[in-house]
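Asks:
Residue numbers (the working numbering): 102 to 394.
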């Protein structure tokens, strides 16, 4: 039944904002999610609710009947929820955030939480290390930062990309002087490959001398110490705020460098306090600085 209430809310939002895309943008949801929820509602009722066109959405007779019937109740319920959340938010002392190991001590995370703590000194933050998708309801998490390579079984949450990035081979300047261009897997096998554990899924590591860790900072430190060639995200090695000194190793072979996204997921903003919304915006800004460098 809860799903139907959510779908009714999104249906009224589509009507309010004049279309699926506008409703998705206003609620910080993916357009495909809003469209799918509308289809679910139409399937449940057994009739189309909107006549879709390129520029607008027009209500069908059933759509007009449903909107006129539920809109006052949905609006009153939404306003009441917002008031309750705001009241609770002013008293809430703890926010829970799940973060992967690779980002736990990264500069954007440190800067974001430092700024947030200064802005909201009475709100406690509980930062937990989670590589996999968490059950945000049972675990009472407010936010999760998660790689797009991680399977997310529940797609009902808002999810957007904080940062998209590519990867490359890097090493210390000293180590790079004795490195040849990586032109084959045989050449790569001559070096210890320092890499994130998740990346082992992208290519065959058999026959390679591999060091794997979820901690990108450990990998970066070992590369700086001339322990081998590291496979690291380009923003990690190029962004000034990471303060590491590594040079790129040329690669001429057809290597499957992963293109990844670090995503932020959370329940709909309708049910969030201003404290959570503020943290979302701070995280968006800090990760945006890396993407811009």
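Think of the CB as a built atom: it goes at the ideal place given N, C-alpha and C, for glycine as much as any other residue.
#1: Please return the same chain residues whose Cβ sits closer than 8 angstroms to the Cβ of residue 221, not counting the five positions on each side in sequence.
#2: With which residues is residue 361 paired in a DSSP beta bridge?
#3: Okay, do the stretch 350-359 and the stretch 262-279 touch, 3+ Cβ pairs below 8 angstroms being the bar?
#4: Taking just the CA atoms, how far does residue 313 sit from residue 130?
#5: From residue 235 to residue 366, what does the alpha carbon distance come to, in whole angstroms?
#6: Rounded to whole angstroms, what's the CA-CA distance from residue 153 to residue 134? Just pull it up for me.
#7: Taking DSSP as the reference, what is the three-state secondary structure of residue 293?
#8: Leaving aside the five residues before and after residue 383 along the sequence, list all residues of the same chain whose C-beta is less than 6 angstroms from its C-beta, in chain order.
#9: Could you check whether residue 296 and residue 332 sit closer than 8 angstroms to each other, using their CB atoms as the reference points?
#10: Taking its Cβ as the centre, do 16 or more other Cβ atoms sit within 10 Å of residue 327, making it buried, or is it exposed?
#11: Could you tell me if residue 317 is buried or exposed, where buried requires 16 or more neighbouring beta carbons within 10 angstroms of its beta carbon?
#12: Can you give me the C-alpha to C-alpha distance between residue 142 and residue 167, rounded to a whole angstrom?
#13: Nearest-angstrom Cα distance between residue 240 and residue 229?
#14: Between residue 354 and residue 284, how many whole angstroms is the CB-CB distance? I'm expecting something under 8 angstroms.
#15: With DSSP as the reference, identify every bridge partner of residue 312, one or two as the case may be.
Replies: For this structure:
#1: On the chain shown, position 120 is the one that residue 221 refers to. So the list reads 376 and 379, once near-sequence residues are dropped.
#2: As a working mapping, residue 361 is identified with position 260 in the chain shown. Answer is 266.
#3: yes
#4: The count along the chain shown starts at 1 and reaches residue 130 at position 29. The count along the chain shown starts at 1 and reaches residue 313 at position 212. Approximately 35 angstroms, taken between the alpha carbons.
#5: For the purposes of this step, residue 235 is identified with residue 134 of the chain shown, where counting begins at 1. For the purposes of this step, residue 366 is identified with residue 265 of the chain shown, where counting begins at 1. Answer to the nearest angstrom: the Cα atoms are 10 angstroms apart.
#6: Translated into positions along the chain shown, residue 153 becomes position 52. Translated into positions along the chain shown, residue 134 becomes position 33. Roughly 16 angstroms between the two C-alpha positions.
#7: Numbered from its first residue, the chain shown carries residue 293 at position 192. Reduced to three states, the DSSP call for residue 293 is strand.
#8: The sequence position of residue 383 within the chain shown is 282, counting from 1. Excluding sequence neighbours, residue 383 sits near 213, 216 and 217.
#9: Counting from 1 along the chain shown, the entry for residue 332 is found at position 231. Counting from 1 along the chain shown, the entry for residue 296 is found at position 195. In this structure, residue 296 lies closer than 8 angstroms to residue 332 by Cβ.
#10: Position 226 of the chain shown, counted from the start, is the residue given in the question as residue 327. Exposed, since its Cβ has fewer than 16 Cβ neighbours within 10 Å.
#11: Position 216 of the chain shown holds residue 317. Answer is buried; the Cβ neighbour count reaches 16.
#12: Residue mapping note: residue 142 aligns to position 41 of the chain shown, counting from 1. Residue mapping note: residue 167 aligns to position 66 of the chain shown, counting from 1. Taking the straight line joining both Cα atoms gives about 11 angstroms.
#13: Here residue 240 refers to the residue found at position 139 of the chain shown. Here residue 229 refers to the residue found at position 128 of the chain shown. The alpha-carbon atoms of residue 240 and residue 229 are separated by roughly 11 angstroms.
#14: By one-based count along the chain shown, residue 354 stands at place 253. By one-based count along the chain shown, residue 284 stands at place 183. About 5 angstroms; that satisfies the 8 angstroms criterion.
#15: Position 211 of the chain shown, counted from the first residue, corresponds to residue 312. The partner list for residue 312 (beta bridge, DSSP) reads 295.
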